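Colleague: So that we are looking at the same thing, I have put the structure below in structure tokens.
Protein chains in written order, with this note's numbering: chain H, 71 to 258; chain S, 200 to 386.
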């Protein structure tokens with residue numbers, strides 16, 4: 071798709087969240103391009119994230135500049151495979167696989183909900199809202215997710231910046247380009 | 200092999216400074232496009248380069264010949280690490296490194312199609328980021344780079360609006376750390 075310059079966004083309004091929630095919950099395919107920053111007490115890393123989601127299947131490219139150190143995480147109901155520059159590795163859960171191969175992991179199984187501003191449906195959670203009734207802080211499975219900024223794509227408000235913390239570990243996800251509904255490479 | 204290597208050295212020698220727009224694709228083993236970025240780059244022998252990604256996000260990589268600064272405005276983070284002068288570890292050095300450093304580290308072969316000459320480089324050492332590397336010159340102008348790793352994943356970079364040996368100021372290859380940014384020193 072030609073990269074259209076982002077239309078001037080009308081500001082978020084109260085009630086927007088309630089109106090779009092059904093569509094957001096039904097959204098099961100997208101592409102997004104963004105940044106992932108990881109911070110632990112003695113280490114910090116940053117990477118580019120290119121995520122394609124198509125119903126229950128996902129493919130995440132984690133890469134540095136020039137595509138250096140890239141790893142591709144592909145998963146679905148039948149398991150997950152991580153392809154790095156050195157080889158291909160499989161495991162039952164993405165968390166286990168990333169921990170083994172990358173030395174860090176993200177709660178991938180919950181991330182496809184969190185990245186839409188929704189809690190994962192299987193575990194209980196606490197949610198506080200901002201003045202416009204949008205999610206502000208979500209506590210779930212030991213994680214605290216702060217939604218710091220929102221962006222509009224195909225008249226859906228989606229998180230643009232979210233900070234996920236667990237104990238002394240912090241991951242910042244910034245989504246620079248959201249393409250809800252686009253699932254084929256080169257879509258949107 | 201050595202004839203191809205000397206031809207490559209001959210094509211690289213006139214490049215002291217180099218400026219171009221780039222478009223970079225990352226493809227998986229079966230050719231699916233995983234990522235597309237574009238921006239502008241500047242190079243200056245030996246070992247200095249500036250790589251500015253403009254879309255779909257902003258990112259700046261600057262090498263002053265000793266250190267490499269990776270600045271990410273979205274994450275408000277700059278990581279600084281020593282320049283790994285091994286060409287096999289820092290692809291951008293391919294152009295700004297010396298011609299014989301290239302031929303020392305790679306077996307070089309050459310293919311010609313019309314005005315396009317493509318050099319395939321296979322690293323002689325094993326600790327490299329990629330399994331093979333292709334540099335394409337069209338009418339003696341460097342215009343494409345392709346890196347393939349052991350699982351078939353590829354980084355393809357094409358260059359256009361190329362300026363050979365523009366005069367570039369020092370500031371192009373220095374990086375002023377913006378205040379309030381997280382500085383991470385590595386290595």
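Glycine included, each C-beta is placed from N, C-alpha and C at the ideal position. Here the structure is a predicted model, which means the values were calculated and not measured.
What residues in its chain sit with their C-beta under 6 Å from that of residue 110(H), if we drop five residues either side in the sequence?
Modeller: So the qualifying residues of the chain are 239.
Colleague: Between the segment 174-194 of chain H and chain S, which residues of the former have CB atoms less than 9 Å from a CB of the latter, in chain order?
Modeller: So the list is empty, because no residue satisfies the distance condition.
Colleague: Taking a cut of 7 Å between CB atoms, which residues from the segment 132-145 of chain H lie near chain S?
Modeller: Here the close residues are 133, 135, 136, 137, 138, 140, 142.
Colleague: Residues of chain H with CB closer than 7 Å to the CB of residue 243(S), please, in chain order.
Modeller: Those within 7 Å of residue 243(S) in chain H number zero; the least Cβ separation is about 18 Å.
Colleague: According to the neighbour-count rule (16 or more other Cβ atoms, all chains shown, within 10 Å of its Cβ), is residue 225(S) buried or exposed?
Modeller: Classification of residue 225(S): buried, given that the 10 Å Cβ count is 16 or more.
Colleague: Comparing C-alpha positions only, which one of 246(S), 312(S), 332(S) sits nearest to residue 338(S)?
Modeller: Of the candidates 246(S), 312(S), 332(S), the one whose C-alpha sits nearest the C-alpha of residue 338(S) is 312(S).
Colleague: With H, G and I counted as helix, E and B as strand and the rest as coil, what does DSSP make of residue 360(S)?
Modeller: Strand.
Colleague: By the three-class DSSP mapping on this structure, what secondary structure does residue 72(H) have?
Modeller: Note that residue 72(H) scores a pLDDT of 48, beneath 50, so its modelled location is shaky and nothing firm can be said.
Colleague: From residue 86(H) to residue 235(S), what distance separates their C-alpha atoms?
Modeller: If I take the Cα positions, the gap works out to 32 Å.
Colleague: So which of 131(H), 220(H), 126(H), 108(H) has the shortest CA-CA distance to residue 186(H)?
Modeller: Nearest option by C-alpha distance: 220(H).
Colleague: Indicate whether at least one CB of chain H lies closer than 9 Å to the CB of residue 329(S).
Modeller: Yes, residue 329(S) counts as interfacial toward chain H.
Colleague: Please specify which runs of the beta strand (DSSP E), each continuous and at least 3 residues long, are wholly inside the segment 112-169 of chain H, giving them in chain order.
Modeller: With a minimum length of 3 residues, the continuous beta strand (DSSP E) runs that stay inside the segment 112-169 of chain H are 113-124, 127-133, 141-146, 149-153, 158-161.
Colleague: Name the chain H residues whose beta carbon is nearer than 7 Å to that of residue 373(S)?
Modeller: Under the 7 Å cutoff, chain H gives no residues; its nearest Cβ is about 18 Å from residue 373(S).
Colleague: Start and end of the beta strand (DSSP E) containing residue 269(S)?
Modeller: First-last of the beta strand (DSSP E) with residue 269(S): 266-271.
Colleague: Taking contact to mean at least 3 C-beta pairs separated by less than 8 Å, is the segment 88-103 of chain H in contact with the segment 111-125 of chain H?
Modeller: The answer is yes - the segment 111-125 of chain H touches the segment 88-103 of chain H, with three or more Cβ pairs under 8 Å.
Colleague: Strictly by DSSP, which residues pair up with residue 218(S)?
Modeller: Beta-bridge pairing links residue 218(S) to 241(S), 362(S).
Colleague: If the criterion is Cβ atoms closer than 9 Å, does the pair residue 356(S) and residue 136(H) meet it?
Modeller: It is a contact, given that the beta carbons lie within the stated cut-off.
Colleague: Closest to residue 203(S) by C-alpha separation, out of 220(S), 260(S), 307(S), 284(S), would be which residue?
Modeller: Ranking the options by Cα distance to residue 203(S), first place goes to 307(S).
Colleague: Of the choices 239(S), 318(S), 319(S), whose alpha-carbon is the least far from that of residue 221(S)?
Modeller: Closest by alpha carbon: 239(S).
Colleague: Could you check which residue in 236(H), 225(H), 218(H), 204(H) has the C-alpha nearest to that of residue 245(H)?
Modeller: Nearest C-alpha to residue 245(H): 218(H).
Colleague: Which residue's Cα is closest to the Cα of residue 362(S): 211(S), 212(S), 218(S)?
Modeller: Nearest option by C-alpha distance: 218(S).
Colleague: At least one CB of chain H closer than 9 Å to the CB of residue 256(S): is that the case?
Modeller: By this cut-off, residue 256(S) is an interface position.
Colleague: Given this structure, state the Cα-to-Cα distance separating residue 315(S) from residue 342(S), to the nearest angstrom.
Modeller: Each residue's alpha carbon lies about 9 Å from the other.
Colleague: With H, G and I counted as helix, E and B as strand and the rest as coil, what does DSSP make of residue 212(S)?
Modeller: Residue 212(S) falls in the coil class under three-state DSSP.
Colleague: Using the Cα positions of residue 257(H) and residue 179(H), report the straight-line distance between them to the nearest angstrom.
Modeller: The pLDDT assigned to residue 257(H) is 42, lower than 50, so where the model puts this residue is not dependable, and the model offers no usable value.
Colleague: Residues of chain H with CB under 7 Å from residue 225(S), in chain order?
Modeller: In chain order: 131, 133, 137, 140.
Colleague: DSSP state of residue 302(S), grouped into three classes?
Modeller: Here residue 302(S) sits in helix by DSSP.
Colleague: Using the Cα positions of residue 334(S) and residue 374(S), report the straight-line distance between them to the nearest angstrom.
Modeller: Approximately 28 Å, taken between the alpha carbons.
Colleague: So the candidates are 241(S), 230(S), 208(S); which of them puts its Cα closest to the Cα of residue 366(S)?
Modeller: Among 241(S), 230(S), 208(S), the Cα nearest to that of residue 366(S) belongs to 241(S).
Colleague: I'd like to know whether the C-beta atoms of residue 264(S) and residue 285(S) end up nearer to each other than 9 Å.
Modeller: Against a cut-off of 9 Å, the Cβ pair of residue 285(S) and residue 264(S) comes out as no contact.
Colleague: Please state whether the Cβ-Cβ distance between residue 390(S) and residue 173(H) is less than 9 Å.
Modeller: Nothing can be reported for residue 390(S): it is not among the residues displayed for chain S, which extend from 200 to 386.
Colleague: Kindly indicate the opening and closing residues of the beta strand (DSSP E) around residue 246(H).
Modeller: Element bounds for residue 246(H): 239-250.
Colleague: Go through its chain and collect everything with a Cβ distance to residue 376(S)'s Cβ below 7 Å, but skip five positions before and after it.
Modeller: The residues are 277, 382.
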